[in-house]
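Those protein sequences? They're chains P and W, same order as listed.
In this text, residue positions in the first sequence follow UniProt numbering: the first is 1, and each later residue adds one.
In this text, residue positions in the second sequence follow UniProt numbering: the first is 1, and each later residue adds one.
The beta-carbon is built from N, C-alpha and C at its ideal position, and this holds for glycine as well.
See below for the structure under consideration.
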Amino acid sequence: MSRAEETEAPDTGVPETADTGVPAEKAARPPRANPLWALALFRSELTITLRRWRTLALLGVLALIPILIGIAVRIETSDGGGFGGGRGGEGSGPAFFPQITNNGIFLVFASLAATLPVFLPMVIGVIAGDAIAGEAGSGTLRYLLVAPAGRTRLLLAKFTTTMAFCLIATLVVALSSLVTGALLFPLGDVTLISGITVSFEEALLRALGVAALVALSLVGIATVGLFISTLTNSGIAAMATTVGLVITAQILDTIPQLHAIHPYLFPHFWLSFADLLREPVYWDELVKNLGLQGLYVAVFGSAAWARFTAKDITA
Amino acid sequence: MARIRPTQVADDGFWDEERPARGKKAARYAAPVAVAGIAAATIGLVPALASTGDPDLPKISAQELISKMAASDAQQMSGSVKITTDLGIPSLPGGGSLADLGGERSGDASAAPESKLMELISGSHTLRVATDGPDKQRVSIVENAAEYSMIHNGEEVWAYDSGSNSAYHATAPKDAKAKGDHRQEVPKDLRDATPQKIAKTVLSSVDDTTDVSVDGTSRVAGRDAYDLLIKPKQNSDSTIGSVRIAVDAENGVPLKFTLSPKSGGKAIIDVGFTKVDFGKPKAATFDFHPPKGAKVTEEPKADRKDAPKDFGGKDFTDAQGALSGLKVVGDGWDKVARLDTPGGAAAPGGDNGPGVASGLLGGFGKEVKGKFGSGTVVSTRLVNALLTDDGKVFVGAVDKDALVKAANAAK
């Protein structure tokens with residue numbers, strides 16, 4: 001979905017093109033008619049974001065986590081024993097860990113399952129929270145608006161950048177864990193969690209699908225972060241609020257008395273990406289997850305638009 | 001100073017011509033509110049719209065419906081089953097529940113089916129089932145990022161627990177082909193969890209203490225179904241209020257099974273398809289090879305037939321069926337099983353031995369006295385048990401008074 005949004009963004013980012021019969025004075029803006037212009041804004045946003053040391057450090061930490069997990073599992077099982085041993089009751093130990101020693105590709109799933117609750121949303125929170133508020137805080141937002149870009153378009157560029165970053169962050173984790181898994185553990189045919197064996201190629205495809213799903217699971221919190229970012233002029237405040245929201249939502253998600261609101265909390269279906277590893281794939285929760293993330297994008301995306309286009313830019 | 005401050009007109013035109021006037025600004029917030037509102041309305045209305053419109057099917061008598069079920073021979077199917085149980089099993093003083101007993105019994109890290117069955121008796125679970133003839137079945141319990149599967153293919157019976165990466169292997173008896181005679185097979189009890197098997201067991205126990213009627217229609221898993229309502233006759237002491245079975249109108253396959261207590265409230269057992277497909281499942285569905293490095297437990301060869309009956313199956317089915325070897329008093333829904341604990345194994349708590357069982361049960365039971373002496377009654381929403389102090393156990397899906405009556409009569 002984020003991929004689709006990326007490609008769509010330039011088109012929707014040009015709200016008044018000449019051929020829609022808009023008033024003559026608007027049609028007379030030559031540079032705006034070019035859809036590539038909005039793409040350029042997005043491209044510059046993305047490169048600026050990715051070139052920051054802060055971003056690189058965050059991605060580095062993300063890449064390090066699978067390596068650490070891989071080494072830890074490797075040491076734990078180096079005496080030939082299986083991982084952990086007994087499963088004392090209901091789901092002790094993180095998901096997919098027992099399978100890692102026998103097939104390195106499970107490190108991808110284990111790492112994604114381990115980073116999805118905290119690390120990935122934290123990184124997304126930092127990027128999304130910084131998107132508008134950071135510019136405002138450092139006084140560059142008004143210069144961005146001085147350029148004939150328009151607020152809607154700038155917001156769209158920021159949104160697309162954040163979405164792209166969701167994908168990039170997830171892929172960093174997935175690739176790092178795939179490489180680590182391949183180096184430390186054997187690869188081969190994969191037994192899915194339903195007990196059905198598939199070829200390594202199909203498992204790789206599924207791993208790619210899992211990565212895409214994890215990235216899509218993050219678009220909800222990313223949009224919320226962007227909205228929060230439009231509310232304040234302090235980048236730190238926006239980041240902290242976003243990350244705090246992630247933690248709060250996950251705590252609420254564990255309180256059984258609140259089960260009525262659980263299906264509407266954005267982290268509720270996060271682990272449903274594992275359903276892609278069943279055969280046949282169990283779609284129910286996957287679809288719910290995507291629907292929920294789409295809902296968050298729609299509500300908070302439009303809220304961010306309402307706020308940002310109506311806001312007084314003072315810094 | 002004032003010279004460089006842009007005028008209002010210049011401001012709007014220069015910075016962003018999309019910026020609206022102040023009144024319009026507030027209007028922009030209508031967009032997120034509208035989106036949220038539409039979403040809320042959709043979430044609220046869609047289930048309501050979907051649940052109206054019970055299908056309009058030709059009238060059918062209960063007898064016809066039952067024979068339709070009996071004639072149903074859907075050998076190939078697959079789908080998802082949602083099973084929700086609320087037996088009201090009391091918690092142990094230590095904080096655990098009766099369900100934990102079975103888990104401990106089967107040892108740690110084993111993929112043996114018993115411990116998984118125990119999990120099914122409380123809460124809500126999703127099962128995925130696939131059947132292709134009597135030789136190939138598969139049931140898996142969908143868990144969080146893990147799955148527990150039982151696969152029966154010919155003579156092989158496998159169970160695989162992806163959460164602990166362990167497998168369990170057993171050999172099915174060769175005569176397993178005889179339909180409905182899977183008694184000694186290990187995963188048997190889990191397959192019992194499908195609506196078909198349960199419905200079959202229930203129908204076999206229909207007799208003259210029972211009211212059977214067709215009570216409207218419903219839609220289950222996108223298919224039209226008749227609702228068969230089975231109720232004990234008025235003067236029954238049973239704790240069971242009613243049993244409702246939704247039967248596919250087209251091929252007679254039971255799609256949903258609901259057991260409601262007489263005391264009202266939530267259904268005790270609610271098993272139904274949420275998705276069903278009567279096509280042939282993929283052959284690979286029934287192939288299982290234990291993955292490299294998985295811990296494989298072989299089924300113990302000895303005394304499989306004498307293995308203690310698991311409490312996991314002790315729902316309505318077993319309360320009437322499995323205990324039939326014991327001394328049974330009363331008939332129909334009011335059956336009470338009586339056993340003298342030396343050698344008895346059907347007390348809730350299973351094979352922990354009579355001493356342990358009564359010790360545990362004393363912890364959360366209720367003291368009763370009667371002509372028979374005194375004893376302890378342990379209640380769940382479905383099954384009640386009376387343990388007399390002189391070592392007799394009366395178990396049945398009947399209320400407390402009926403148990404005392406049975407005990408008195410036995411005196």
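Find the residues of chain P that neighbour residue i, judging by a C-beta separation of less than 9 Å, and give them in chain order.
i	result
residue 381(W)	What residue 381(W) touches in chain P: nothing, since even the nearest Cβ is about 20 Å away.
residue 39(W)	295, 298, 299
residue 136(W)	Chain P residues near residue 136(W): none, gap ~14 Å exceeds 9 Å.
Between residue i and residue j, what straight-line distance do the alpha-carbon atoms span, to the nearest angstrom?
i	j	result
residue 44(W)	residue 38(W)	10 Å
residue 277(P)	residue 210(P)	8 Å
residue 144(W)	residue 275(P)	9 Å
residue 186(W)	residue 153(W)	Low confidence applies here, because residue 186(W) scores a pLDDT of 37, under 50, leaving its location unreliable; read the following figure in that light. Each residue's Cα considered, the two are about 13 Å apart.
residue 65(W)	residue 146(W)	39 Å
residue 252(P)	residue 36(W)	21 Å
residue 113(P)	residue 195(P)	20 Å
residue 62(W)	residue 219(W)	18 Å
residue 152(P)	residue 309(P)	7 Å
residue 124(P)	residue 299(P)	18 Å
residue 60(W)	residue 199(W)	18 Å
residue 139(P)	residue 115(P)	33 Å
residue 312(P)	residue 230(P)	11 Å
residue 237(W)	residue 124(W)	28 Å
residue 75(P)	residue 140(W)	33 Å
residue 147(P)	residue 206(P)	43 Å
residue 343(W)	residue 389(W)	Note that residue 343(W) scores 41 on pLDDT, short of 50, meaning its location in the model is unreliable; the coordinates nonetheless yield the value given after this. One C-alpha to the other measures close to 16 Å.
residue 223(P)	residue 58(W)	52 Å
residue 279(P)	residue 222(W)	22 Å
residue 385(W)	residue 263(W)	17 Å
residue 106(P)	residue 76(W)	33 Å
residue 189(P)	residue 168(W)	20 Å
residue 254(P)	residue 334(W)	42 Å
residue 415(W)	residue 155(P)	Lying outside 1 to 411, the shown extent of chain W, residue 415(W) is not represented and no answer is given.
residue 320(P)	residue 246(W)	Because chain P in this structure spans residues 1 to 315, residue 320(P) falls outside the shown range and cannot be described.
residue 88(P)	residue 95(P)	Low per-residue confidence applies at residue 88(P): pLDDT is 37, beneath 50, and the placement is therefore not dependable enough to give any value.
residue 117(P)	residue 287(P)	19 Å
residue 271(W)	residue 122(W)	12 Å
residue 102(P)	residue 295(W)	12 Å
residue 249(P)	residue 129(P)	17 Å
residue 405(W)	residue 256(P)	41 Å
Who are the neighbours of residue i on chain W, taking C-beta pairs under 8 Å?
i	result
residue 196(P)	284, 285, 287, 288
residue 274(P)	144, 145, 146
residue 113(P)	145
Quick check on the DSSP output: the beta strand (DSSP E) that includes residue i runs from which residue to which?
i	result
residue 66(P)	Element bounds for residue 66(P): not the beta strand (DSSP E) but the alpha helix (DSSP H), 53-76.
residue 227(W)	223-232
Using CA coordinates, which residue listed in the options is at the minimum distance from residue i?
i	options	result
residue 229(W)	27(W), 211(W), 168(W)	211(W)
residue 284(P)	134(W), 290(W), 274(W)	274(W)
residue 127(P)	308(P), 232(P), 300(P), 225(P)	225(P)
residue 269(W)	380(W), 68(W), 253(W), 338(W)	380(W)
residue 166(W)	70(W), 293(W), 32(W)	293(W)
residue 378(W)	409(W), 390(W), 371(W), 398(W)	398(W)
residue 221(P)	185(P), 280(P), 301(P), 157(P)	301(P)
residue 239(W)	27(W), 402(W), 214(W)	402(W)
residue 332(P)	70(P), 273(P), 239(P)	Look at the range of chain P in this structure, 1 to 315, and you will see that residue 332(P) is not part of it.
residue 159(P)	41(P), 213(P), 101(P)	41(P)
residue 55(P)	70(P), 99(P), 120(P), 184(P)	120(P)
residue 215(W)	133(W), 55(W), 25(W), 31(W)	55(W)
Which residues in chain W have a C-beta closer than 9 Å to the C-beta of residue i? List them in chain order.
i	result
residue 217(P)	Per Cβ cutoff of 9 Å: no residues; residue 217(P) is ~13 Å from chain W at best.
residue 99(P)	162, 165, 291, 293, 294
residue 271(P)	144, 145
residue 305(P)	28, 31, 32
What are the boundary residues of the alpha helix (DSSP H) that residue i is part of?
i	result
residue 291(P)	283-310
residue 66(W)	62-71
residue 76(W)	Counting along the chain, residue 76(W) falls outside any alpha helix (DSSP H), though it belongs to the beta strand (DSSP E) covering 76-86.
residue 118(P)	Segment: none, residue 118(P) is in no alpha helix (DSSP H) and carries neither H nor E.
Along chain P, in chain order, which residues have C-beta atoms closer than 7 Å to that of residue i?
i	result
residue 35(W)	298, 299, 302
residue 151(W)	195
- [ ] Report yes or no: do three or more beta-carbon pairs, one from the segment 152-163 of chain W and one from the segment 281-295 of chain P, lie closer than 8 Å?
- [x] No: fewer than three Cβ pairs fall under 8 Å.
Task: Interfacial residues, the UniProt domain "MucB/RseB N-terminal" (191-280) of chain W to chain B, with Cβ spacing under 7 Å - done: Protein chains in the displayed structure are P and W, and chain B is not among them.
TODO: Examine the Cβ distances between the segment 174-186 of chain P and the segment 97-112 of chain P and report whether three or more of them are shorter than 8 Å.
DONE: Touching, per the Cβ criterion.
- [ ] Would you check if there are 3 or more beta carbon pairs closer than 8 Å linking the segment 161-174 of chain P to the segment 37-49 of chain P?
- [x] The segment 161-174 of chain P, when compared against the segment 37-49 of chain P, does touch it at the 8 Å Cβ threshold.
Task: Validate contact between the segment 262-273 of chain P and the segment 116-131 of chain W using beta carbons, cut 8 Å, 3 pairs - done: Fewer than three Cβ pairs drawn from the segment 262-273 of chain P and the segment 116-131 of chain W lie within less than 8 Å of each other, which leaves the two stretches out of contact.
Task: the segment 64-82 of chain W touching the segment 125-132 of chain W, judged by at least three CB pairs closer than 8 Å - done: With the cut-off at 8 Å, the segment 64-82 of chain W and the segment 125-132 of chain W touch.
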